[in-house]
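Working notes for the structure below.
Number of protein chains: 2
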Amino acid sequence: MSLSFRQSDILNMAKQNGRVAVDDLAAKFGVTVQTIRRDLSELSDLGKLDRVHGGAVLRSGVSNIGYEDRRSLNEDAKTQIAQLCAADIPAGVSVFMNIGTSTEAVARQLLSHKNLMVVTNNMNVANILVENPECEIVVAGGILRRSDGGLIGNLTVSTIRQFKFDYAIVGCSALDADGDLMDFDFQEVLVSQTIIEQARRTFLVADHSKFQRSAPARIASLTDIDSFYTDCPLPDDLTRKLADWDTSLRVT
Amino acid sequence: MSLSFRQSDILNMAKQNGRVAVDDLAAKFGVTVQTIRRDLSELSDLGKLDRVHGGAVLRSGVSNIGYEDRRSLNEDAKTQIAQLCAADIPAGVSVFMNIGTSTEAVARQLLSHKNLMVVTNNMNVANILVENPECEIVVAGGILRRSDGGLIGNLTVSTIRQFKFDYAIVGCSALDADGDLMDFDFQEVLVSQTIIEQARRTFLVADHSKFQRSAPARIASLTDIDSFYTDCPLPDDLTRKLADWDTSLRVT
DNA sequence: TTCGATTTGTTCGTTTTTGTTCTTTTTGGG
DNA sequence: CCCAAAAAGAACAAAAACGAACAAATCGAA
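Line order of the protein sequences matches chains Z and F. This note's numbering applies: residue 1 is where the first sequence begins, and numbers increase by one. This note's numbering applies: residue 1001 is where the second sequence begins, and numbers increase by one.
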């Protein structure tokens, strides 16, 4: 189904002003409010607009909403994984934490750790750990990605290279059957790779949903990971591989 | 659930001024205070605002009490100064914004500027400008200072050196009678000096309270500043000096 | 033209929002 | 500490907006 003239006009007006009102539109097009309501409902069903009382607004927060959704996805599982991971991080060490909701969950579990130094390219992690006065926070510079508060780009990579970490806590978008960590964003991959290079020990946190997804860019292999924290048992062959690779597996 | 027109307007006003008053809003929208109260309660439930007696204030990610106190000091004056300063920043330029409440006020006035690139070592500025989709945000790395969300240290300086800005917007802790910009923190001084070096034009924003204070470390002189935005006329001799130095003075 | 499909207008019951009135809570001054 | 004024909150009634059902109109194809 395609949009009527009126509907695409409405959409244009919404793009100009960010919003449209039912009454205004009815007057402008010389039709009844009911007709406008139908148009707005359809545009809302198509995902172009969000309906509000009295009119509609542009669906601007697409990325943000996606992020909120993602955050609430498997929240309990993520918290449990994070507890397990945080328990393996002693006091008085330096830790890098990268982008991702799982990583943020770990940050929440580090709120009562003592004498930490945390470097991160994730604005949310910084905002969370501000509450822990025993934690020195270093923010890696970079271009701010609105969708998830991540800092990315060359600047981030070159900043990270100036450090060496006791621990790196990384997440990933997907984990394929061969045991490769995958991501959607190529820029983020470069950052993650640099982190792994600069860390003495690397922890991966990922819930089971990452097994069912696929992503285009390869970050690293589980070979490069020291401990992998997750919430469901892995397929047998992957478990065996992990043993061969000296990667310890921690399941909640 | 999506926000009503009025609610998103309220949120925008809060973002510009840092706070909103129930009575003002009721008058502005032509509705009763009860309706406004309901809006504010909902926005508060959604975590967008914090409710206070008489109105609501913006909920800021990185905050502490001392800082909040300082923020509300001279708030109106700071907003006016910020408006003046933001009006002199055209679309499509690169801007650096450093630490300070005055600088954050300018950030709020830049929320509807188009096609900006803003580099900052201030987490609050980044958090404010996230709302402007026309603004690319680059966060300079550094050690996070809890008291004000500033990023400081060598890392910050070396990051900033990688850029050249069309405009720099700086604040300072104090301004002495000779026309020198002073600060409390030596590390921050280094950052500010670097910023001024790397900027084609430098704007200073400072309200009159800065004249009555003193601070130990010298950042620069008003000689190095292109425009100075403030809220009270300066002593005559300083005004003359500014004219000699080719520093334009803008008083609200 | 005539049929059928689609769009629009009309009506009406339902839901949401707003205003009104009242009591309770907070605030600031003696 | 107590009191008065301002602000907040709760409950209910009024108003506005909504959605569904159906009738009227518009339009294209047979």
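Cβ coordinates follow ideal geometry from the N, Cα and C atoms, glycine included.
Beta carbon of residue i nearer than 8 Å to that of residue j
i              : j              : result
residue 1139/F : residue 142/Z  : yes
residue 220/Z  : residue 181/Z  : yes
residue 1225/F : residue 1252/F : no
residue 21/Z   : residue 47/Z   : no
residue 94/Z   : residue 117/Z  : yes
residue 1111/F : residue 1089/F : no
residue 1033/F : residue 1024/F : no
residue 1144/F : residue 1151/F : yes
residue 229/Z  : residue 84/Z   : yes
residue 189/Z  : residue 121/Z  : no
residue 82/Z   : residue 205/Z  : yes
Under 8 Å by beta carbon: chain Z residues contacting residue i
i              : result
residue 1140/F : 141
residue 1159/F : 141, 155, 159
residue 1126/F : 123, 144
residue 1044/F : Here the premise fails: no neighbours, minimum Cβ distance about 18 Å.
residue 1031/F : Here the premise fails: no neighbours, minimum Cβ distance about 13 Å.
residue 1002/F : 50, 51, 52, 57
Residue nearest to residue i in terms of C-alpha spacing, selected from the options
i              : options                        : result
residue 77/Z   : 129/Z, 95/Z, 101/Z, 57/Z       : 101/Z
residue 98/Z   : 133/Z, 179/Z, 9/Z, 173/Z       : 173/Z
residue 1056/F : 1249/F, 1088/F, 1017/F, 1136/F : 1017/F
residue 1211/F : 1024/F, 1106/F, 1227/F, 1179/F : 1179/F
residue 80/Z   : 106/Z, 93/Z, 237/Z             : 106/Z
residue 1183/F : 1239/F, 1144/F, 1214/F, 1161/F : 1214/F
residue 244/Z  : 205/Z, 223/Z, 231/Z, 227/Z     : 223/Z
residue 195/Z  : 185/Z, 39/Z, 165/Z, 108/Z      : 165/Z
residue 125/Z  : 133/Z, 28/Z, 49/Z, 108/Z       : 108/Z
residue 51/Z   : 1148/F, 1041/F, 1002/F         : 1002/F
residue 162/Z  : 204/Z, 38/Z, 119/Z             : 119/Z
residue 147/Z  : 1146/F, 1240/F, 1035/F, 1133/F : 1133/F
residue 92/Z   : 186/Z, 121/Z, 135/Z            : 135/Z
residue 209/Z  : 12/Z, 86/Z, 233/Z              : 233/Z
residue 45/Z   : 7/Z, 137/Z, 26/Z               : 7/Z
residue 216/Z  : 41/Z, 236/Z, 185/Z, 241/Z      : 185/Z
residue 1250/F : 1227/F, 1031/F, 1013/F, 1027/F : 1227/F
residue 1235/F : 1200/F, 1177/F, 1193/F, 1218/F : 1177/F
residue 157/Z  : 128/Z, 149/Z, 193/Z            : 193/Z
residue 1127/F : 129/Z, 131/Z, 149/Z            : 149/Z
residue 1200/F : 1167/F, 1218/F, 1231/F         : 1167/F
Partner residues on chain F for residue i, Cβ-Cβ distance less than 9 Å
i             : result
residue 103/Z : Residues of chain F passing the Cβ test: none, with the nearest at roughly 17 Å.
residue 151/Z : 1138, 1139, 1141
residue 109/Z : Near residue 109/Z there are no residues of chain F at all, since even the closest Cβ is about 19 Å away, more than 9 Å.
Contacts that residue i makes with chain Z (C-beta to C-beta distance below 7 Å)
i              : result
residue 1005/F : 19, 52, 54, 55
residue 1016/F : Within chain Z, no residue comes near residue 1016/F; the closest Cβ sits about 16 Å away, beyond 7 Å.
Span of the beta strand (DSSP E) around residue i
i              : result
residue 1188/F : Note, residue 1188/F: premise wrong, no beta strand (DSSP E); alpha helix (DSSP H) at 1186-1198.
residue 39/Z   : Premise fails: residue 39/Z lies in the alpha helix (DSSP H), 33-45, not in any beta strand (DSSP E).
residue 169/Z  : 165-170
residue 1220/F : 1217-1221
residue 251/Z  : 248-251
residue 1138/F : 1135-1139
residue 94/Z   : 94-97
residue 144/Z  : 142-145
residue 1049/F : 1049-1052
residue 1091/F : Taken as a continuous stretch (DSSP letters only), residue 1091/F belongs to no beta strand (DSSP E), as it is neither H nor E.
Integer-rounded CB distance, given that residue j should sit under 8 Å from residue i
i              : j              : result
residue 247/Z  : residue 171/Z  : Their Cβ separation, rounded to whole angstroms, is 16 Å, which puts residue 247/Z and residue 171/Z out of contact at 8 Å.
residue 1015/F : residue 1043/F : Not confirmed; about 12 Å, so no contact.
residue 115/Z  : residue 207/Z  : Contact flag wrong, Cβ pair sits at about 29 Å.
residue 1096/F : residue 1169/F : 7 Å
residue 19/Z   : residue 1005/F : 6 Å
residue 1187/F : residue 1160/F : Between residue 1160/F and residue 1187/F the Cβ distance is about 13 Å, and since that is not below 8 Å, they are no contact.
Chain Z contact residues for residue i, given Cβ-Cβ distances below 9 Å
i              : result
residue 1147/F : Chain Z residues near residue 1147/F: none, gap ~10 Å exceeds 9 Å.
Where the alpha helix (DSSP H) through residue i begins and ends
i              : result
residue 1213/F : Premise fails: residue 1213/F is in no alpha helix (DSSP H) and is neither H nor E.
residue 1125/F : 1123-1129
residue 1111/F : Looking at the DSSP string, residue 1111/F is not in any alpha helix (DSSP H), and its letter there is neither H nor E.
residue 238/Z  : 236-245
residue 152/Z  : No alpha helix (DSSP H) contains residue 152/Z, which is instead part of the beta strand (DSSP E) from 150-152.
residue 56/Z   : Here residue 56/Z belongs to no alpha helix (DSSP H); instead the beta strand (DSSP E) covers 55-58.
Proximal chain F residues relative to residue i, where beta-carbon distance stays under 7 Å
i             : result
residue 106/Z : Chain F residues near residue 106/Z: none, gap ~18 Å exceeds 7 Å.
Cross-chain neighbours of residue i in chain F, by beta carbon under 8 Å
i             : result
residue 189/Z : Result: empty, since nearest Cβ-Cβ is about 20 Å, beyond 8 Å.
residue 95/Z  : Ordered by position in chain F, no residue passes the 8 Å Cβ test against residue 95/Z, which lies about 14 Å from the chain.
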